[in-house]
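Visitor:
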Amino acid sequence: MSDTEDEFRFLVEEAEEFGISGPVPAARRDALPDGDGRDVSFIRYGTGGPAVTFLHGAALNAHTWDATAVALHEPALAIDLPGHGLSQWRDDVDYRPDTVAASVFDILERLGVGPHVLVGQSLGGLAAAMIAAKHPGAVRGLVVVDITPGVTATDAAMIESFLSGPSDFGSRDEIVDYARSFGIGVSRRSVARGVELNTRVRDDGRVVFRHHLGNLGEDRPQLGRDYSAIWSGLESLTIPVLLVRGSRGFLTDELVDEFLRRVPGSSSVTLEAGHNVQEDAPVALAEAIRGLISTAGSDQPRPEDGSRA
Numbered sequence: 001m002s003d004t005e006d007e008f009r010f011l012v013e014e015a016e017e018f019g020i021s022g023p024v025p026a027a028r029r030d031a032l033p034d035g036d037g038r039d040v041s042f043i044r045y046g047t048g049g050p051a052v053t054f055l056h057g058a059a060l061n062a063h064t065w066d067a068t069a070v071a072l073h074e075p076a077l078a079i080d081l082p083g084h085g086l087s088q089w090r091d092d093v094d095y096r097p098d099t100v101a102a103s104v105f106d107i108l109e110r111l112g113v114g115p116h117v118l119v120g121q122s123l124g125g126l127a128a129a130m131i132a133a134k135h136p137g138a139v140r141g142l143v144v145v146d147i148t149p150g151v152t153a154t155d156a157a158m159i160e161s162f163l164s165g166p167s168d169f170g171s172r173d174e175i176v177d178y179a180r181s182f183g184i185g186v187s188r189r190s191v192a193r194g195v196e197l198n199t200r201v202r203d204d205g206r207v208v209f210r211h212h213l214g215n216l217g218e219d220r221p222q223l224g225r226d227y228s229a230i231w232s233g234l235e236s237l238t239i240p241v242l243l244v245r246g247s248r249g250f251l252t253d254e255l256v257d258e259f260l261r262r263v264p265g266s267s268s269v270t271l272e273a274g275h276n277v278q279e280d281a282p283v284a285l286a287e288a289i290r291g292l293i294s295t296a297g298s299d300q301p302r303p304e305d306g307s308r309a
């Protein structure tokens, strides 16, 4: 995909593939500088203030949420995290959750977004948790997808292995084959869409990832660091919190139990999906998010601590 092509041309195709009924929302891209002056790009789905902001995981981009946003039928915002998608790379290669969270919150403030629901997967889930803890008045509900602060480098070994592979490819088809060898995606067709939107063609004809992490070689920071400090923020939350687990994702029963034990009023649901739940099970994920939106926007009591589905 070149920057001049219609990046939203796959929305109707995704709606058809996943059996999503109803209108496909209008989508448009915009960008703003964060507090450090670095450009952060984002996608708006639908019109009006967002009911939800989506934050993706490492090595992905805002388009990973396309099908989920279509299925949600609510105005939404999906942000390209710093160093990902069309957002500016950081010279210091600092893509830790706290750094990402600060940049994202800058954008939400500049957009004048009121209290709403944050949905974050993997790295985006940790960043969303930090925003909710540091700025409680800005977040009405939190959905954390296939990540907890207890996840270790061993748990995230698949992503580490994937990013340790080739840094450039002869074609996008090669990248699709490479991704499928890791069990990524529900179909070759869906992976091909993601690859199209997450890569660019260099002047020499080689295909490379758009995200900074895929262009650093041995200088790439390791994933799965010690994120235990994020627990204290999660433990302080007084909003509805939903943990979404992919049945083939990173989370073990022990990690889910720890989350439900430590985060007040939290609940969990397991969906038939890998780590990228938003790509594998977007309709079921959208349904779970709608439930959280309903709870967060009403006077209903939060779920009892530790409830599972």
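Per UniProt numbering, the sequence shown starts with residue 1, numbered consecutively. Each residue gets a CB set at the ideal place from its N, CA and C atoms; glycine is no exception. As the structure is a prediction and not an experimental result, all values here were calculated from the model.
Restricting to Cα atoms, I'd like to know which of Ser87, Val244, Ile230 is closest to Asn276.
Guide: Asn276 has its Cα closest to that of Val244, out of Ser87, Val244, Ile230.
Visitor: Does the Cβ of Arg110 lie closer than 6 Å to at least one heavy atom of the ligand GDP?
Guide: By its list of ligands, the structure shown contains no ligand whatsoever, and the ligand GDP lies outside what it can speak to.
Visitor: Is the beta carbon of Thr68 closer than 7 Å to that of Leu237?
Guide: Taking 7 Å as the Cβ cut-off, Leu237 and Thr68 do not qualify as a contacting pair.
Visitor: In chain order, what residues of the same chain lie with their CB nearer than 7 Å to the CB of Gly114, ignoring the 5 residues before and after it?
Guide: These residues qualify, in order along the chain: Gly49.
Visitor: Hey, could you find the ends of the alpha helix (DSSP H) Ile131 is sitting in?
Guide: Ile131 -> alpha helix (DSSP H) spans 123 to 134.
Visitor: Using DSSP bridges, identify the partner residues of Phe42.
Guide: The partner list for Phe42 (beta bridge, DSSP) reads Asp30, Ile79.
Visitor: Please work out which residues of its chain come closer than 7 Å, Cβ to Cβ, to Glu272, disregarding the five sequence neighbours upstream and downstream, and give them in chain order.
Guide: Result list for Glu272: Ser247, Ala281, in chain order.
Visitor: What are the uninterrupted segments assigned as beta strand (DSSP E) that are 3 or more residues long and contained completely in the stretch 203 to 259, given in chain order?
Guide: Runs of the beta strand (DSSP E) inside the stretch 203 to 259: 207 to 209, 241 to 246.
Visitor: Look at the alpha carbon of Asp80 and the alpha carbon of Ile107, and state the distance between them as a whole number of angstroms.
Guide: Cα to Cα, the separation comes out at about 11 Å.
Visitor: Tell me which residue opens and which closes the alpha helix (DSSP H) that Gly165 is part of.
Guide: Note, Gly165: premise wrong, no alpha helix (DSSP H); not H, not E.
Visitor: Report all residues from its chain with a CB closer than 6 Å to the CB of Gly291; omit the five preceding and five following residues, and keep chain order.
Guide: Excluding positions up to five away in sequence, the list is empty.
Visitor: What residue range does the beta strand (DSSP E) around Phe54 cover?
Guide: Segment 52 to 55, the beta strand (DSSP E) holding Phe54.
Visitor: Around the Cβ of Asp30, are there at least 16 other Cβ atoms within 10 angstroms (buried) or fewer (exposed)?
Guide: By the 10 Å Cβ count, Asp30 comes out exposed.
Visitor: Please identify the residue among Leu123, His84, Thr53 whose C-alpha is closest to the C-alpha of Asp146.
Guide: Closest by alpha carbon: Leu123.
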